[in-house]
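Engineer:
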Amino acid sequence: MKLLVIGCGQCGGRIADEFARQNIVAHNQRGIDIITGALAVNTDTADLSGLSYIKPDYRHRILIGGQRTRGHGVGKVNEIGAEIAREDGDKVLEGIRAVERFTETDAFLLIAGAAGGTGSGSIPVLAQQIKERYAEKPLYAIIVLPFRYEEITEERSIYNVGTCLKSTYLVADAVFLIDNQRYVREKSSISSNFANINTRIVTPFYNLLCPGEETNRKYIGARVLDAGDILQTLAGWVVIGNGTASVPRIKMFDGKLDFRDKASATLRGVQAMNQAITALSLGCKPEDAKRALYLLTAPPGEMTMDMINQISSYLKGIAPEAIIRSGDYPRGKGSIDVTVVLSELTNSRKVMDYFNKALRYTHLTKKRRGGIEYEYKGIEGDLSDIPSLL
Ligand SMILES: Nc1nc2c(ncn2[C@@H]2O[C@H](COP(=O)(O)OP(=O)(O)OP(=O)(O)O)[C@@H](O)[C@H]2O)c(=O)[nH]1
Ligand SMILES: [Mg+2]
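Put into structure tokens, the structure is as follows:
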């Protein structure tokens, strides 16, 4: 499956850049492509200049609102980001039209950090414009949620997250939720944290996209995970994660595995699945998923029916309501990898928390601005009170 990736704002642009980097790896090491193109859209010239892998021409690095912001961003006001996207969205559509291999695109993937201004505001608007123009192609979004410290120190960021989540959910076919806080390494610098987080965000996508593009017969699995499986799985709120178990070098007895080693080899699949669930991009309850998908990537000799059965029952056990799709990819040497997607999640506590906090912010600012009595209705207040960016 091939995506056309469009990063909005600095966070989105950097993650799109990481997609472009990992595509080079797929191309050089596996002879396949997992994206048809990567574009970055921003109101900030410096952010666009900081990218490394997205082509540097104006069709790939698209400056919007240049006259209005003089290339300096929108300072976290996502309504301005939305307004500029409405005015300058044509530039993005032109960029898409110029993608050479556009016809091979299976779906769009738009990416933004929800707490900022440009990405947060422009992602729902651009999604809407792209959907209107290319109604036949699915459109997915990755929304990156802020670190805990940002939520505490910047009241406005919660409001941005609430409005961005609501508006994007209304137009996208599915929204991947990624919680920055889950990936933090407390002792690393911010920039190395970002580089590391972005790699970890993109890696499970890389894993999922490769098998369907594989052309070498040696690496074609018994059940290939192709675009159809992925498209059928993605709906509503989605989380993604991956886990790895290393394969130790085992002594053979007469060319056969010792029975204890055989048993632990089978368990390694569940171990990797367990790790993938622990490493999901947002804390959630797997039992809330209506659809799920997993991919097992392992050296051909390691992949057994037993292992697949165990992984499937494990996932069914924790996500009993979900329709589960799966695939295997016989590739690699020293490790067993499981990539998992939980989709159509209902009751995401984290999302509801953001909506409630955004509502509270909306009511408070109305009260502050108008000086009128405005009774806050409590956390169950109507979601229609959260402004839409569309
Ligand atoms: N994972 C990840 N998060 C990032 C990255 N860069 C910024 N963020 C997060 O994104 C949010 C801020 O959004 P930005 O993308 O910087 O803002 P912007 O869209 O450029 O908007 P303005 O700068 O306000 O015009 C914060 O929550 C950051 O923690 C990144 O490279 N990776
Ligand atoms: Mg910026």
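Count the sequence shown with my numbering and you get residues 384 to 773, in order. Idealized CB from N, CA, C, for every residue including glycine.
Could you say which of 405, 491, 701 and 655 lies nearest to residue 672 if we only look at CA atoms?
Structural biologist: What you label residue 672 is simply residue 289 of the sequence shown in a count that begins at 1. When each option's Cα is compared against that of residue 672, the closest is 701.
Engineer: With ligand 2 as the reference, list in chain order each residue whose Cβ lies under 6 Å from any of its heavy atoms.
Structural biologist: That gives 392, 393, 427, 430, 456, 499 and 501.
Engineer: Scan the region 527–600 and note each continuous alpha helix (DSSP H) run of 4 residues or more that stays entirely inside, going in chain order.
Structural biologist: Counting whole runs of 4 or more residues, the region 527–600 contains the alpha helix (DSSP H) stretches 531–536, 538–554 and 573–596.
Engineer: In three-state terms, what does DSSP make of residue 760?
Structural biologist: Walking along the sequence shown from the start, residue 760 turns up at place 377. Low local confidence applies: a pLDDT of 41 at residue 760 is under 50, so the model's placement there is unreliable, and no value is given.
Engineer: Taking C-alpha atoms, which residue in 691, 393 and 668 lies nearest to residue 527?
Structural biologist: Looking up residue 527 in the sequence shown gives position 144. Residue 393 is the option with its Cα nearest to residue 527.
Engineer: Taking the Cβ atom as the reference point for each residue, do residue 547 and residue 415 lie within a distance shorter than 9 Å?
Structural biologist: Taking the sequence shown and counting its residues from 1, one reaches residue 547 at position 164. Taking the sequence shown and counting its residues from 1, one reaches residue 415 at position 32. No, the pair does not count as a contact, with Cβ atoms beyond the cut-off.
Engineer: Tell me the residue span of the alpha helix (DSSP H) that contains residue 461.
Structural biologist: Your numbering for residue 461 matches position 78 in the sequence shown. Residues 461–480.
Engineer: Measuring only from the beta carbon, is residue 462 closer than 8 Å to any heavy atom that is part of ligand 1?
Structural biologist: Taking the sequence shown and counting its residues from 1, the one referred to as residue 462 is at position 79. Not under cutoff, so the answer is no.
Engineer: Nearest-angstrom Cα distance between residue 732 and residue 766?
Structural biologist: Taking the sequence shown and counting its residues from 1, the one referred to as residue 732 is at position 349. Taking the sequence shown and counting its residues from 1, the one referred to as residue 766 is at position 383. Whole-angstrom Cα-Cα distance: 15 Å.
Engineer: What are the complete beta strand (DSSP E) segments, minimum 3 residues, inside the region 644–715?
Structural biologist: List check, beta strand (DSSP E) in window: 674–681 and 706–713.
Engineer: Looking at the structure shown, is residue 754 part of a helix, part of a strand, or coil, going by DSSP?
Structural biologist: As a position in the sequence shown, residue 754 is number 371, starting the count at 1. For residue 754, the predicted structure reports a pLDDT of 49, less than 50, and the residue's modelled location is therefore unreliable. The matter cannot be settled from this model.
Engineer: Under 8 Å from any heavy atom of ligand 1, does the C-beta of residue 530 make it?
Structural biologist: The residue given as residue 530 occupies position 147 in the sequence shown. Checking every heavy atom of ligand 1 against the Cβ of residue 530, one is found closer than 8 Å.
Engineer: Look up residue 449 in the DSSP assignment and give the residues it is bridged to.
Structural biologist: Locating residue 449 in the sequence shown gives position 66, counting from the first residue. In the DSSP output, where bridge partners are listed per residue, residue 449 has none listed.
Engineer: First and last residue of the beta strand (DSSP E) that includes residue 388?
Structural biologist: In the sequence shown, residue 388 corresponds to position 5, counting from 1. Per DSSP, residue 388 belongs to the beta strand (DSSP E) from 386–391.
Engineer: What residue does the alpha helix (DSSP H) around residue 355 start on, and which one ends it?
Structural biologist: Nothing in the structure corresponds to residue 355, since the chain is present only between 384 and 773.
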